[in-house]
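What follows is a single structure, written as C-alpha cells, with notes after it.
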Amino acid sequence: MPPLLDGLRILVLEDEFLIAMDVEQLCRDNGAAEVEIARDLTDMDGRKVASHFDAAIVDLMLGGTSTLEFAFGLREAGVPFVFASGYTDASEIKASFPGVKLVGKPYSGEDLVQALADACGRTAVRQG
Numbered sequence: 095m096p097p098l099l100d101g102l103r104i105l106v107l108e109d110e111f112l113i114a115m116d117v118e119q120l121c122r123d124n125g126a127a128e129v130e131i132a133r134d135l136t137d138m139d140g141r142k143v144a145s146h147f148d149a150a151i152v153d154l155m156l157g158g159t160s161t162l163e164f165a166f167g168l169r170e171a172g173v174p175f176v177f178a179s180g181y182t183d184a185s186e187i188k189a190s191f192p193g194v195k196l197v198g199k200p201y202s203g204e205d206l207v208q209a210l211a212d213a214c215g216r217t218a219v220r221q222g
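All the letters of the sequence shown, read from the start, carry residue numbers 95 to 222 under the numbering used here.
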C-alpha cells in the first residue's frame, strides 16, 4: 500500500519554524512529492494556490493574522485542507468550514497525516 500522502504537493502554513520543519519532514516521510512552507500570507491567495498544490495544512493564525480568508479561497478553489492550531475554540471553524478537520496542537504526526489524507479522499487500513 503506498504512503498516505504519496505524490502530493502540500502547502504548510505555519509560522513556528520548528513545527513547520517537523510537519515538512512528516509529510515527506509519508510520501509527499513536494512540501512548501509559508510563514506568512504575503503574496498568498487561496484561489491561486490550487494550481500549485494538491492539499494544505493551515495554522489558524500566522504572526497574529487570521488565515480564515485564505482558507475560504482554498475551499473555493477546491483544494483539500486541514487546520492545525493551538487555538481550541473550534466553533467558528465548524460553522464556517463544516467537514474540515481541526487538528489541535500539540498533535501526533499520525493524526495530522490521517486528517490530511482523509481530506484528500485517501484512507488507510488502521493496524491493531
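Each residue gets a CB set at the ideal place from its N, CA and C atoms; glycine is no exception.
{"Query": "Starting from the C-beta of L168, find all residues in its chain whose C-beta is less than 7 angstroms away, skip the five residues before and the five after it, and write them out in chain order.", "Result": "G140, V143, A150 and F175"}
{"Query": "Among A178, A114, A184 and A189, which has the Cα closest to the Cα of D205?", "Result": "A178"}
{"Query": "Extract the residue ranges of the beta strand (DSSP E) inside the segment 112–181, only unbroken runs of 3 or more that lie entirely within it.", "Result": "128–132, 149–152 and 175–179"}
{"Query": "Please state whether the Cβ-Cβ distance between D82 and L107 is less than 7 angstroms.", "Result": "In the structure as shown, the chain begins at 95 and stops at 222. Residue 82 is therefore absent and cannot be evaluated."}
{"Query": "So that I know if they touch, is there some Cβ in chain E lying closer than 7 angstroms to that of I104?", "Result": "The structure shown has no chain E; it contains just one protein chain."}
{"Query": "Using 8 angstroms for Cβ pairs, my map puts L105 next to G125. What's the rounded Cβ distance?", "Result": "Incorrect: roughly 16 angstroms between the Cβ atoms, too far for contact."}
{"Query": "Based on the DSSP output, what are the partners of V106 in its beta bridges?", "Result": "I131 and I151"}
{"Query": "Please name the residue, chosen from E118, R133 and Y181, that lies closest to V207 on a Cα-to-Cα basis.", "Result": "E118"}
{"Query": "Tell me whether the beta-carbon of A209 lies closer than 7 angstroms to the beta-carbon of K188.", "Result": "no"}
{"Query": "Just list the residues that DSSP pairs L196 with in beta bridges.", "Result": "F177"}
{"Query": "In angstroms with no decimal places, state the Cα-to-Cα distance between L112 and Y181.", "Result": "18 angstroms"}
{"Query": "Could you tell me the boundaries of the alpha helix (DSSP H) in which S190 lies?", "Result": "S185 to S190"}
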